[in-house]
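Engineer: In terms of the working numbering, the sequence shown opens at residue 450 and continues consecutively.
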Amino acid sequence: MTIYRIGSNWQSDLQVLEDPLQRTVFEECGATQECSVGWVMTRCHSAAN
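Below is the structure:
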């Protein structure tokens, strides 16, 4: 597991980060896949939506 945190001094537009992340969301392995990688939202954020 790799965890990243955005620093409090980050000044870029959030959309600059969200667009690439949407292309790498975790999807479970299919029947012919050995492994799958991607990211998932935190539990507290997922529960709020």
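By construction, the Cβ of each residue, glycine as well, lies at the ideal position given by its N, Cα and C atoms.
Candidates A480, F475, G479: which alpha carbon is nearest G487's?
Structural biologist: Per the Cα distances, F475.
Engineer: Rounded C-beta distance between C493 and S485? I'm assuming under 8 Å.
Structural biologist: Contact doesn't hold; Cβ gap of about 24 Å is too wide.
Engineer: Based on the DSSP secondary-structure assignment, which residues constitute the bridge partners of V474?
Structural biologist: W488, per the DSSP bridge assignment.
Engineer: Using DSSP with H/G/I as helix, E/B as strand and the rest coil, what is Q464?
Structural biologist: Here Q464 sits in helix by DSSP.
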